[in-house]
Amino acid sequence: LAMLAALLGKNPEGLYFFEEIDTGIHPVRLHLLMDLIERQTEKQGIQVITTTHAPTLLTVMNDQTFENTSVVCRLEDSSDAIIRPVAELPNVRELRQGQGLGRLHESGWMENALYFTEDYDEVEDNS
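The working numbering applies: residue 38 is where the sequence shown begins, and numbers increase by one.
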């Protein structure tokens with residue numbers, strides 16, 4: 038309810054952060070939440086940052102949301118994490134059309150793509 042009140046209120050703020058937006062929402066209804074967020078960000082000119090582990094949300098996002106979505110992965114044997122736009126992962130646009138992002142996420146493909154394409158020297162230099 039808090040998300041609805043924030044997104045549909047008369048005087049929306051410029052930025053919202055919602056953690057684990059899928060918590061407490063039936064998986065069949067997650068597309069409605071994603072649709073609301075996408076419509077309100079465009080209509081109200083607001084920015085919404087969310088976190089989720091729900092593959093369903095990756096499947097129902099529109100193209101603009103896809104372009105603005107990042108994946109976060111913790112490096113093996115490290116406390117460091119990698120954050121990279123999903124759209125920058127190799128062949129992801131083609132795979133999105135064929136496999137779907139939700140299925141890629143469930144299979145661990147995104148983490149593998151990050152692991153095998155990340156420049157670890159650069160990550161270590163930034164630590």
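Glycine included, C-beta positions come from ideal geometry on N, C-alpha and C.
N- and C-terminal bounds of the alpha helix (DSSP H) containing residue i
i	result
Leu44	39-45
Thr87	Where Thr87 is concerned, there is no enclosing alpha helix (DSSP H), although the beta strand (DSSP E) it sits in stretches over 84-87.
Arg76	67-81
Proximity of residue i and residue j at Cβ, strictly below 8 angstroms
i	j	result
Tyr53	Val85	yes
Thr87	Ile58	yes
Leu44	Leu69	no
Met40	Phe55	yes
Thr154	Pro127	yes
Residues of its chain near residue i, where Cβ-Cβ distance is below 7 angstroms and the 5 sequence neighbours each way are ignored
i	result
Ala118	Val109, Cys110, Arg111, Leu112
Val129	Val123
Leu132	Leu141
Gly51	Ile83, Gln84
Thr89	Glu57, Ile58, Asp59
Extent of the continuous beta strand (DSSP E) to which residue i belongs
i	result
Pro122	118-122
Neighbourhood of residue i by C-beta, 8 angstroms cutoff - its chain only, sequence neighbours within 5 removed
i	result
Val160	Bear in mind that a pLDDT of 49 at Val160, under 50, signals an unreliable position, so the number given afterwards is only what the model happens to contain. Contacts found: Leu112, Asp117, Ile119.
Glu143	Pro92
Leu151	Val108, Cys110, Ile119, Arg121, Leu126
> For the region 97-148, which segments carrying the alpha helix (DSSP H) assignment without a break, of at least 4 residues, lie completely within its bounds, in sequence order?
Replying inline: 100-104, 129-135, 138-144
> Below 8 angstroms, can you find three or more Cβ-Cβ pairs linking the region 60-71 to the region 85-94?
Replying inline: yes
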